[in-house]
Every structure is written in C-alpha cells, then in structure tokens.
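This report concerns only the one structure given below.
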Amino acid sequence: MMTDRDPIVCLQDVRVTYSAGDKDLEVLEGIDLELGAGEFVSLMGQSGSGKSTLLNVIAGLLPPTTGTVTLGGEALYALDDHQRTLLRRAHIGFVFQFFNLVPSLDVLENVALPLWIAGEDPQGKEAEHRELLEMVGLGHRAHHHPSELSGGELQRVTLARALVTKPPLLLADEPTGNVSAKMGLEILELFERVHREWNQTILLVTHNHRDAARAQRVVFLNDGRIPRDSVLTGTEVDEARILSVLQKLEI
Amino acid sequence: MKLAFFLCSRNWRSRRTRQLTSTLGVALGGALVTAVLTMDHNTVIFKASKERKKYAEPDLEVFPTADRAASDELPKWLRSLPGVEEVTPVAMVPVSWGDRRGNTYQLTQVLAELDRVEAFQACVLDSGWEFTATGLPESPVWITKRMAKQAKLDVGDSLQLEDQHFVIAGLLKKLHLGFHQEIALTDWSSSRTPVSQWKGLRYWLRLDDPQNTDGFVRLGKAEGFLAQPPPTVGTTDTPEDIAMRNGLTICALLGLALGLFIVLHTLLMTVSERRREIALLHGLGATRRQISGAMLWEALVQSLLGTIGGVGLGLALAFVCGKVGISSIGAARYPMVGVPWTAVAVVAATGIVITLLGTLAPIVAARRLPTARILSPMGLETRRSKAATFRWLVPLGLAVVLGILHFLMNWLIEERAAHLARFALQLASLLAFATSLVFVAPGILHGLSAWAGRLLQRWRGPQYHLPFRNVSTQGHRNATAVCALMLVFASIYCMHTLTECLKDEVRTLGRQAMSEMVFVHHGAARAEEERALVREMPEVATLLAVQNETRHPLVIRGVDPHSLLDVPSIELSSDERNALQGLAAGEGVILTHAMADRLQLRVGDDWEVSTRHGIRRVPVRLVSDRFGYLRPDRSYVLLDGARVESWFGENRGSKTWSIVYPSPGTSSAALVEMLQASLSPARIVDGTTLFRKRVWNIDVDFLVFDLILMGAVVLAGLGMLNSLMIHAHQRRREIALYRALGMTREELVPMLVREGTLLGIAGAGLAIVLGLPSSWLAFDALKKVSGLNLVYRPSLGWTLACVGLCIVVARVASRHPARTLAGSNVAEELRYS
Numbered sequence: 001m002m003t004d005r006d007p008i009v010c011l012q013d014v015r016v017t018y019s020a021g022d023k024d025l026e027v028l029e030g031i032d033l034e035l036g037a038g039e040f041v042s043l044m045g046q047s048g049s050g051k052s053t054l055l056n057v058i059a060g061l062l063p064p065t066t067g068t069v070t071l072g073g074e075a076l077y078a079l080d081d082h083q084r085t086l087l088r089r090a091h092i093g094f095v096f097q098f099f100n101l102v103p104s105l106d107v108l109e110n111v112a113l114p115l116w117i118a119g120e121d122p123q124g125k126e127a128e129h130r131e132l133l134e135m136v137g138l139g140h141r142a143h144h145h146p147s148e149l150s151g152g153e154l155q156r157v158t159l160a161r162a163l164v165t166k167p168p169l170l171l172a173d174e175p176t177g178n179v180s181a182k183m184g185l186e187i188l189e190l191f192e193r194v195h196r197e198w199n200q201t202i203l204l205v206t207h208n209h210r211d212a213a214r215a216q217r218v219v220f221l222n223d224g225r226i227p228r229d230s231v232l233t234g235t236e237v238d239e240a241r242i243l244s245v246l247q248k249l250e251i
Numbered sequence: 001m002k003l004a005f006f007l008c009s010r011n012w013r014s015r016r017t018r019q020l021t022s023t024l025g026v027a028l029g030g031a032l033v034t035a036v037l038t039m040d041h042n043t044v045i046f047k048a049s050k051e052r053k054k055y056a057e058p059d060l061e062v063f064p065t066a067d068r069a070a071s072d073e074l075p076k077w078l079r080s081l082p083g084v085e086e087v088t089p090v091a092m093v094p095v096s097w098g099d100r101r102g103n104t105y106q107l108t109q110v111l112a113e114l115d116r117v118e119a120f121q122a123c124v125l126d127s128g129w130e131f132t133a134t135g136l137p138e139s140p141v142w143i144t145k146r147m148a149k150q151a152k153l154d155v156g157d158s159l160q161l162e163d164q165h166f167v168i169a170g171l172l173k174k175l176h177l178g179f180h181q182e183i184a185l186t187d188w189s190s191s192r193t194p195v196s197q198w199k200g201l202r203y204w205l206r207l208d209d210p211q212n213t214d215g216f217v218r219l220g221k222a223e224g225f226l227a228q229p230p231p232t233v234g235t236t237d238t239p240e241d242i243a244m245r246n247g248l249t250i251c252a253l254l255g256l257a258l259g260l261f262i263v264l265h266t267l268l269m270t271v272s273e274r275r276r277e278i279a280l281l282h283g284l285g286a287t288r289r290q291i292s293g294a295m296l297w298e299a300l301v302q303s304l305l306g307t308i309g310g311v312g313l314g315l316a317l318a319f320v321c322g323k324v325g326i327s328s329i330g331a332a333r334y335p336m337v338g339v340p341w342t343a344v345a346v347v348a349a350t351g352i353v354i355t356l357l358g359t360l361a362p363i364v365a366a367r368r369l370p371t372a373r374i375l376s377p378m379g380l381e382t383r384r385s386k387a388a389t390f391r392w393l394v395p396l397g398l399a400v401v402l403g404i405l406h407f408l409m410n411w412l413i414e415e416r417a418a419h420l421a422r423f424a425l426q427l428a429s430l431l432a433f434a435t436s437l438v439f440v441a442p443g444i445l446h447g448l449s450a451w452a453g454r455l456l457q458r459w460r461g462p463q464y465h466l467p468f469r470n471v472s473t474q475g476h477r478n479a480t481a482v483c484a485l486m487l488v489f490a491s492i493y494c495m496h497t498l499t500e501c502l503k504d505e506v507r508t509l510g511r512q513a514m515s516e517m518v519f520v521h522h523g524a525a526r527a528e529e530e531r532a533l534v535r536e537m538p539e540v541a542t543l544l545a546v547q548n549e550t551r552h553p554l555v556i557r558g559v560d561p562h563s564l565l566d567v568p569s570i571e572l573s574s575d576e577r578n579a580l581q582g583l584a585a586g587e588g589v590i591l592t593h594a595m596a597d598r599l600q601l602r603v604g605d606d607w608e609v610s611t612r613h614g615i616r617r618v619p620v621r622l623v624s625d626r627f628g629y630l631r632p633d634r635s636y637v638l639l640d641g642a643r644v645e646s647w648f649g650e651n652r653g654s655k656t657w658s659i660v661y662p663s664p665g666t667s668s669a670a671l672v673e674m675l676q677a678s679l680s681p682a683r684i685v686d687g688t689t690l691f692r693k694r695v696w697n698i699d700v701d702f703l704v705f706d707l708i709l710m711g712a713v714v715l716a717g718l719g720m721l722n723s724l725m726i727h728a729h730q731r732r733r734e735i736a737l738y739r740a741l742g743m744t745r746e747e748l749v750p751m752l753v754r755e756g757t758l759l760g761i762a763g764a765g766l767a768i769v770l771g772l773p774s775s776w777l778a779f780d781a782l783k784k785v786s787g788l789n790l791v792y793r794p795s796l797g798w799t800l801a802c803v804g805l806c807i808v809v810a811r812v813a814s815r816h817p818a819r820t821l822a823g824s825n826v827a828e829e830l831r832y833s
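Residue numbers (the numbering used here), protein chains in the order written: chain A, 1 to 251; chain B, 1 to 833.
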C-alpha cells in the first residue's frame, strides 16, 4: 500500500513463516506497505491475523522469512542485530498494550529510561520530562511507582516514554486494549495531539473501529494479507466505512 | 499425587539448568562430606595398621630402673608374675657406622634373644642365615636390605659397630620396631657392655590375657619402673591430628550446609518466580495441598539425586586422594579398604531430612500467596513497610545483648563452668548477627549501589547509571543472591583463616631465629670432639647440644639452659628467663603447650617420670612453645641436659646433633661453608633450608583444606548462578523492554555483568563482616578442643583475596544468565502480560 508522502517505513513482499511441527504456518503472506513521514495509520484485523507480527517486523524485532523492510531509508534486515538495535533506538517509540513499565522505577525514571539506554545523562533534561508528563496529564505523579497508577495512567506514562527521544515513528500495539472506554478516548486524543503537534508517524494497531477512525489511513489485515480494496484513506476514513469493510472481510 | 508428579517432572524439563545447579550443589556438598569421612576412615585404619606393623607385638613393655636392670632378678621376677607367659629383654642403642667412602650411617643396634625375634614379629628376614640357624658366623649381625644396598654390603661382609666387629649374617626386608629406620640386629649375648649401661633396655612381655595390662602397669609403678603397652596409633592421636581431623570434618559439614542452603534458596526463589503460576493453578482448582506436594517432590528428587551423586563422587574423590597422598592427618598415601557406610548414610539422611524440613518455608510462602492479587494485570508488587525496613534492628540488638552477656559470664560463673555457656552465647550471638545482616542486606545494597552509581556515573559516564539503578531499586530481590554470597564466602573466609592459624602455629614453632641457625648432625663417635672444635671457632657464638630421650609417649629434650639463655637472636621474656635459670639451678621442666595439655599439667604442678633411680616428681616451671626450633614436634618436655644423663643413663645417640649460632658479623651461609670444611662428612643444614622444608611439608599436609575450599568456591558459584538464573527468569520482560527500547546485546551483557559485580562487592563486604566474628568463634572453639596454642591472626592479604574471589565468582556466574537474557526473544517476552 503506497503513500503520497516520503516513506519512513517500506515493506516489500514481506512473508513470515513459523514452523509448526511437520508443516509451516505462514503468518504474513507477502505484505507490501509504506508509511509516509508524519502519517497516522491504523492497522486493523482479527486476532491471529498477524498485526503484532507485522509490528515486530517493522520494529526490527522479528526478521521476515522473505521480503525487505526499509526504515528511514536503511534496509533493516541487511543490518546486524547491533546496528538494527541502534536504528530502532533512534527511529522508533513503542507503546505496548500491557504497558511494560519497570515496576522498580518511578514514573519520571521510566520516562527517562530510553535516554539511559542510549547512554545519555537525562538529569539535565528533567524539566523537559516533566513537561512531557504534564502533556500526558501526569505532572503530579512524577515520583509515583507503576504499582500506584491506574491502567490509563500507566498507558500515558508509556506514551511519554515513547516520545522522550522524539522518534520519527511511533508504534502502538492496542494502546487502549487494557483501559476503560473513557480512558481509551483520552489516550487516543493524546495520540492525535502528538501527531498534530509533533508531526509524528504513528502506526496504531487496534480492534476498535472508533479508535481506527481517528487515523488518516486504515489498513486491514486478514489472514496475513492486506486484501485489495481494504485500505481507507483521507475522507474515506469514517466509522461507517470501517465497519462495512470489516463486515465485507468477515472480521 | 498425579499433579505433583506432573509438575515436578515438567519443572525438571523446563527449568533444567536451575534444577541441575541446585542438585549439583547438594552433590558437591555431599561429596565433600563423604570424601572426608571416607578419607578419615581409611587414614585411621591405614595408620593404625601401619603402626601396629611398625612395632613388635609384645602385650606390654617394661622399662626397668638402672639398679634393677643390672640385676638378673628382674626377668626372673617378671616371669614369676601370674599371667605372664613370656619375657624377653631387648635393648635399642643408637650407634653410627662409617663406610670406606666416608659416609656416616646412623642406626640402632638392637640386642635381642635371637630365638625370640621372630616370635614377637620384630622383623622379617629377606636373605641370609635364619636367626636360629646352626653354623652362624661368629658375632652375627643382620642389617636392613636398604642399608646394605646403600653401603654396598652383602652377607658375609664385616661390619664395625663402635669398637666391635661383626659379620653380616643376613638382610632384613621389614622392620617392626617403631621409629627405628635402620637397625643392626645382634644377639643379646654379643653385648660386652654391662646391661645396666644400656639406656635402651626394656623387657617385652607376652601375657596370658593380652587385654589385662592395667594391673601390670599399676604394679610396675609401685615397683618403681615404667610398664606400658607398646606404641600403637589408634589410641594415641596427637592433638594436632585431632585438630586437623576435627577441622576437616567441620569444613566438610560446612560444605554440605552450603549445598543444602543452595537447594533451600532455590526453592524459596522458585516460589517467588512461580507465584503467578502457583496462583493460576490455585485459581484453576488445585488445592494448597497439591501445590505443597509438588514442591515437596521437587525437593525430594533434588536432594535424593544430589545425595546419591554426591556419595559416588565423594568415594571417587577419597580414592583419588588416597592415590595422590592426601589424607586427613596430612600427606600420606592410604589404600581404600572400606567406607564408613553408617556415617555416610547418617549424613545423607540428615541432608535429605533437612532439605525436606527446609521446604516448609517455601511451602508456607506458596500457600499464603494471594491468588486474586497475583492474577491481576499488575501482579503482586511488594512495597516494604517502614516496620519491615527496620526489622534488622531486632536481631542486631539481640546480638549485642548476647555479646554483653558473654563478657559478663566471666564474673557471673566460675571460669571452667562458664566455657560451654559462653560458647553457646557466642554462637547465638553470631546467628543473631548473621540474621540481622540478612535483613539489612537490601538496605546496604540500595545505599551502596545508589552511591557507587552516582560516583561512577560522574566519573565514567551515564552507562553506569542503569545497572546501579537496577540493583538499587531491586535491592530486595537481589538481596537473596547477596546473602547467598555472604554466607558462602563468610564460611570460606572462616575456614581459610582457621587453617592459616593452624599453619601459622606450626610455622611459628620452627620460625624463631631459624634463619640464623645451622644444624649439625655429628657422627656419634666424633660428637664431643667435633663440638669442642666448633666451640673454638671464632665465627661461632653459641652451640646448643641437644639430647633426645624417647619414652613413649614422651619426647624428652635435654639442653644446657645456660646455652639457651645465651642464644643471641631470641628475646626471652622474664618468665622464660627465670624458668631457664630455675632449670639450671635445680630440678624442673618446661613443657610445650601440647605436652602440658596431654599430660594435663600446669605451671607449678609436678611432672611424674620414671627414671633409672625410680619415679621422680619434677615441678613444671613454664609452659611455652618458644623453644620449638629445637625440633619440629610440638609435644615434648624440655629439661637440663645434665639431668637427662643422670636420670636415663648415658645416651650416646643423644649427642649426635647440635645447633650452632654464628657470631655477629658472620653469615649463616659462611658458617655452613666453614663447618662443612672442618667437619666433613657431618651433615650440615642451614636453618633457612630446614625451615623452608618444614613449611613445605606443612603446606602439603594442609592441601586437603585447600581442596575443600575450592569445592566451596564452586558451590558459591553454583549458588550465585542459580540465583541469577532465577532473577533472569523474573526479569525477562524488563530486559526485553530494554532491548525493544534500543539496548543492544553488546550493551546488555556488560550491564548485567556490572550488576553481578556490584552484588559480588556487596556480598564480599558482608562476608568479611560476618566472616571475622565467625572465624574468631571457630578459632576459639578449635583452640579449646585441640589444646593447641593458636594465635588468631586474620590476614589482610586473605581478606582482599576473599573479596576478589567473591567478585570474580559473581562476575563469572552472571555471564551465563546475561547471555541467556541477551538471546531471548524480545517480541515473545513483551507480548503477554
């Protein structure tokens, strides 16, 4: 699926096959996808359709069986693990469904974690991090531990952590899947704000048609493929059209 | 039961490394104990059998006084005693013989009734005439095969002993005559010296009832002579042998305790690691009993497999030790003749029972897990209460109170009675202190890593922040690994300090001024002449003529007290000076600590000794080991040399060696050269060489302790590896997150190794804090049990080595989990909650 912007991510004929006993299980079957710079894309599909696998492939965590993946102009899997990790560090921010915060660190430290990992000293940037926390509505929770926060708050910390290095690409794996509907709405608004104000490329994996409708483009994944006529762009993106595609694909 | 079996077998499959390391821990501990028990068992059998063989087989040995020795009445009187089956006189006299090439041989002339020699199994003939053969040459002598070979002698050759001429009638292949290595066996009737002048005269008695010797011993005492069973070893272990055997057993038991600790620690960690799984099982309907059963089975399988493997490995180790010459009483090759199965079975059963009892804590922990909270998305986050943070104060306070009580014991109870109570209090205090350290470990870890992290971050860069921050924030989790290191290395520190004290005690005896001494072994015939010559040399400051008298189990050393007072390089205390002056002025003896302990005598007590003039009572003037350089033994009595002659008769052998001190300005090396030029072919050894040789022998004797320490270090590594593997399992998600956020494998492994290093540093510090009082307590106990005059000297070098070793073990042990984590599948780990 092509984009009219400069692509930041480009997948060409990506296939992922798992060995399941005596037969192979093809999870992704020839995916072609481009994500343009500053584009907000939703990825929808039923459970087991390969959404998370696709996200991992884009993140450089799962080498495809065949096909090429380009991130920021670099062929991701032509690099070795070390270089791939450095590329991920520089280009990608992650928001996970299950938060994945370090329980022993407080909120501020969790937000600063990617900088520590990058070998930077974030101590001079505390004001920036607090600003980020203010943006996600958690300025007053800077020194609380994850065990003291609600699901929605945890997800907002995760978003702040994903943004701390200002990565050009944000990968969000069902960020509203583990929070209440109201909290989910607030989180989606935050994504929209980030996209609007920071001009970030966002790939949002979701089950929820209302969440998906906030994107500029919606891509549907069915049994490891992106079926023809299953991409909604621009003005096509609304809840009713998304629902009709889902019905057409029997999702 | 089915569920228990299923879970147990599944854990063995899925957590193989951890199961194997903890089983290996028990196996290694069990192997150490089995090896030591078997080694000791076989050493004792071997030593006893060797010693029994070493001496002839009289039921009793009687040493007569000089006046009775001259009389023919004594053997008649002995024969007339009821219960005496046979009596034969034997004399053992030190003589020397020089061959044509100028070599001097020190040997013992044994005068015996030849027809009785074989009856008492004194020696075994190899070739030549039988002892009772007809047609023997005139003045026959039998010598050892070894001496004949060395001196190139054969049957029929002549041999001049002192001023007597003999013809070699045969060669002997085995001697059963105690410590006499080379002998010349001659007929009793060949003696031309009056019997009364033979210092080595004794009568061998065979009794109707060999067990009934006590009555004869008492009778001998009443009649004024010494009657005692022949020297055998099983009954006469020296204090140093006892100390070494006890020390070995303690070390081996510590090894087993460490192995068991690893299993218990693993089980406890398992609960922490598997709490979600346990909660899930419970949520799915498994009863608490089923879950407990599974854990019990797991512990049983680990301890059983470990014990069986450990016993096998221990037997193999004992066999190898016997082959290479490491025994429980020093360097000796022993044959594997038996296994102390009862002791091994008791230790194995105790190990298994302790393991099963030890599972109670993890089982209780597992039963108490709050299922609903654990299964919630955030799981169970432990937040420590303030009360829990300060609970280490309770055991520490207890340790202080018990410590104070221990010192008050001196005033509260009479000294001897207070000994046991004091030891119990010390032990309780130490345990309380160790408990407080276990509680305080997370806090120390938190503070240390936060402080060190800040320091290193400022110094070396931000890459040092994360590992230190991880250790700091996960102090409670890491504390288990630190405590494991602390306990293991405190034990190692304690064991090594103890063995060093023992070694040091042995070395100290030989160290005093030995570097300046020169030891001269004279030919017996020329001893006086040579000593006079040496005394005349301007390069010689002092000459100590040392006399030996062995009255088993007593070793009596005679020396001129004035000479001892004049030894230039030994500073004597006023007590020692007074005691030596007292020795010179009148009767009195100085005992070594070991001898005083053996004889149960103190300064001022009377020492009772059988002399040629009857029983004498001599006051003990001093108990000191300061004259240990006179010979390496620790058990001997020191008295005026003049009295040795008058009490025990002229002893020609006693005059065969001297200690010579160079005068100021003369080096001992120059003196050695000078003496060699003047006294050839006398054997001259400088003190430094002799001391080095003694130290080497001591080090070889203590090799077995070093082997146990190596085993303990491996155990420490296994324990640490196990802990870190469990931590790695718990931290899979966290580490996967680091990887997802951009940490490379190359950055991850050093980070985890740095964490391990920090744990090693904390563990080492706590190990020293605990090891110091533990080693002092063990030292004090050993001193009391063995009666050795030990001095507690914790070494800075060993303390640093222990810290270094602990850090190295921690670093090495953290590599495998670090690599495992670095290789884990990030996408999979992050996928599920």
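Every residue gets a Cβ at the ideal spot worked out from N, C-alpha and C, and that includes glycine.
Source: prediction; values computed, not measured.
Check: Residues in the stretch 121–137 of chain A having any Cβ partner in chain B nearer than 7 Å; Outcome: Asp121
Check: Heavy atom of the ligand NAP within 7 Å of B:Met495 beta-carbon; Outcome: In the structure on display, the ligand NAP does not appear, and there are no ligands present to speak of.
Check: Alpha helix (DSSP H) segment containing B:Ser80, residue limits; Outcome: Glu73 to Ser80
Check: B:Leu60 - partner residues in DSSP beta bridges; Outcome: B:Leu205
Check: Residues sharing a beta bridge with B:Thr186, DSSP; Outcome: B:Leu111 and B:Val141
Check: Whether B:Ser775 touches B:Cys483 by CB criterion (8 Å); Outcome: no
Check: Pairwise C-alpha distance: B:Leu709 and B:Met39; Outcome: 16 Å
Check: CB contact below 8 Å: B:Gln730 versus chain A; Outcome: no
Check: Buried versus exposed call for B:Val567 [16 or more other C-beta atoms within 10 Å across all chains shown]; Outcome: buried
Check: Same chain, Cβ closer than 8 Å to A:Arg252, five either side skipped, listed in chain order; Outcome: Since the first residue of chain A shown is 1 and the last is 251, residue 252 of chain A is not available in this structure.
Check: Status (buried if at least 16 other CB within 10 Å, exposed otherwise) for A:His91; Outcome: buried
Check: Spatial distance of B:Asp640 from B:Ser574 (CA atoms); Outcome: 19 Å
Check: Secondary structure of B:Lys173, DSSP reduced to three states; Outcome: strand
Check: Interface positions of the stretch 814–829 of chain B facing chain A (Cβ-Cβ less than 8 Å), listed along the chain; Outcome: Val826 and Ala827
Check: Rounded distance between the beta-carbons of A:Ile31 and A:Leu203, thought under 8 Å; Outcome: Wrong, their Cβ atoms sit about 13 Å apart, outside the cutoff.
Check: Residues of its chain near B:Arg79, where Cβ-Cβ distance is below 6 Å and the 5 sequence neighbours each way are ignored; Outcome: Val87
Check: Sequence-distant residues of the same chain with beta carbon closer than 7 Å to B:Gly338, five excluded per side; Outcome: His41, Asn42 and Ile45
Check: Identity of the residues DSSP links to B:Gly558 by a beta bridge; Outcome: B:Gln547 and B:Leu639
Check: Close-in-space but distant-in-sequence residues of the same chain around B:Val583 (CB under 6 Å, 5 per side omitted); Outcome: This sequence places Leu at residue 583 of chain B; Val is not what is there. Only Pro561 and Asp640 meet the Cβ criterion.
Check: Coarse secondary structure for B:Pro442, derived from DSSP in three states; Outcome: helix
Check: Same chain, Cβ closer than 7 Å to A:His144, five either side skipped, listed in chain order; Outcome: Asp106 and Val107
Check: Alpha-carbon to alpha-carbon, B:Glu734 and B:Leu20; Outcome: 25 Å
Check: Simplified DSSP state of A:Ser150, which is helix, strand or coil; Outcome: coil
Check: B:Ser663 beta carbon less than 8 Å from that of B:Pro773; Outcome: no
Check: Distance between B:Phe423 and B:Leu360 (C-alpha atoms, nearest Å); Outcome: 29 Å
Check: CB contact below 8 Å: A:Pro168 versus chain B; Outcome: no
Check: Range covered by the beta strand (DSSP E) that runs through B:Val95; Outcome: Val84 to Gly98
Check: Three-state secondary structure (DSSP) of B:Gln522; Outcome: Contrary to the premise, residue 522 of chain B reads as His rather than Gln in this sequence. Three-state DSSP puts B:His522 in coil, outside helix and strand.
Check: Three or more C-beta pairs below 8 Å linking the stretch 74–91 of chain A and the stretch 740–750 of chain B; Outcome: yes
Check: Stretch-stretch touch, CB-based, cutoff 8 Å, three pairs: the stretch 207–224 of chain A with the stretch 55–71 of chain A; Outcome: no
Check: Whole-angstrom distance between B:Glu500 and B:Phe648, CA atom to CA atom; Outcome: 39 Å
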